[in-house]
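Student: Numbering (our numbering), first residue to last: 506 to 727.
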Amino acid sequence: MDEFFAQYGALLAESTLETLYMTLGSTLMAYVLGLPMGVLLTITKKGSVAEAPRFHAAFSWLINILRSLPFMILMLFIIPFTRMLVGTSIGATAALVPLTVSAAPYIARMVEQSLEEIDAGVIEAALCMGATRRQIVTRVLLVESVPSLLRGMSISLITILGYTAITGSVGAGGLGNIAFRFGYQFYRKDVMYATILIIILLVCIIQGIFDFISRRADKRNR
Numbered sequence: 506m507d508e509f510f511a512q513y514g515a516l517l518a519e520s521t522l523e524t525l526y527m528t529l530g531s532t533l534m535a536y537v538l539g540l541p542m543g544v545l546l547t548i549t550k551k552g553s554v555a556e557a558p559r560f561h562a563a564f565s566w567l568i569n570i571l572r573s574l575p576f577m578i579l580m581l582f583i584i585p586f587t588r589m590l591v592g593t594s595i596g597a598t599a600a601l602v603p604l605t606v607s608a609a610p611y612i613a614r615m616v617e618q619s620l621e622e623i624d625a626g627v628i629e630a631a632l633c634m635g636a637t638r639r640q641i642v643t644r645v646l647l648v649e650s651v652p653s654l655l656r657g658m659s660i661s662l663i664t665i666l667g668y669t670a671i672t673g674s675v676g677a678g679g680l681g682n683i684a685f686r687f688g689y690q691f692y693r694k695d696v697m698y699a700t701i702l703i704i705i706l707l708v709c710i711i712q713g714i715f716d717f718i719s720r721r722a723d724k725r726n727r
């Protein structure tokens, strides 16, 4: 065991940090894109506060197309775009681009689902009190859906964490790269088991943190 950590301990620690960097960085950027996309999907539906059926249908169709692309194919397809943005298609920073592009439409649908859970009566009450569309979005929809949005964020983080393993197998770094290079190509089962254990621990930590935060944010638990 001491020999294993002496040989691979520093490498696993560095790879874990790269994985966290890719996961947290791409999740943040995906929410910057996906949150307003989800809001647009919700408020432009028929009968909503800013209904625009044609726009909603076209926008929903576009998001469905983006969601339907397998991550590996999307990652390879946008390599020129990735190079244009960050100057390279290899490394942890380059991996942020396909991870963000892939996760944004997925997050948009999760946000849409969270916002639709809000009681229509709350929105109607806000309208009767003279609230504007912006106020309904910022002070009603987003505020009331915080617990659900937090639970969705934990799912998004864990999903993107899994995607980082795919990017690692094609040169992005992180735990996926270590598992592929040493665990698979060099037949080091101990390295493979170590990367799996670290990923399991990361998933448990992420889920535990967001379960706690969402419970504290839920008004029903106060």
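All C-beta atoms, glycine included, are put in the ideal place defined by N, C-alpha and C. Here the structure is a predicted model, which means the values were calculated and not measured.
(1) Which of the three DSSP states is assigned to Val675 in this structure?
(2) If distances are taken between C-alpha atoms only, which option among Leu666, Gly626, Glu617 comes closest to Met651?
(3) Taking a contact to mean a Cβ-Cβ separation below 8 angstroms, would you say Leu522 touches Ala699 in this structure?
(4) How should Val627 be labelled, buried or exposed, when 16 other C-beta atoms within 10 angstroms of its C-beta is the threshold for buried?
(5) Is the stretch 597-612 touching the stretch 698-713, taking contact as three or more C-beta pairs under 8 angstroms?
(6) Along the alpha helix (DSSP H) that carries Pro558, what are the first and last residues, could you check?
(7) Three-state secondary structure (DSSP) at Ala736?
(8) How should Leu655 be labelled, buried or exposed, when 16 other C-beta atoms within 10 angstroms of its C-beta is the threshold for buried?
(9) Using a Cβ-Cβ cut-off of 7 angstroms (strictly less than) and excluding sequence neighbours within five positions of Leu579, which residues of its own chain qualify?
(10) Tell me the rounded alpha-carbon separation between Ala597 and Glu556.
(11) Could you name the residues of the same chain whose beta carbon sits closer than 6 angstroms to that of His561, not counting the 5 residues immediately before and after it, in chain order?
Tutor: On the basis of the coordinates in this document:
(1) Three-state result, Val675: coil.
(2) The question names Met, yet the displayed sequence has Val at residue 651. Nearest C-alpha to Val651: Glu617.
(3) no
(4) exposed
(5) no
(6) 558-573
(7) Here the chain covers residues 506 to 727 and nothing more, so residue 736 does not appear.
(8) buried
(9) Pro603, Val606, Ser607
(10) Looking at the two C-alpha atoms, the distance is approximately 40 angstroms.
(11) Thr549, Lys550
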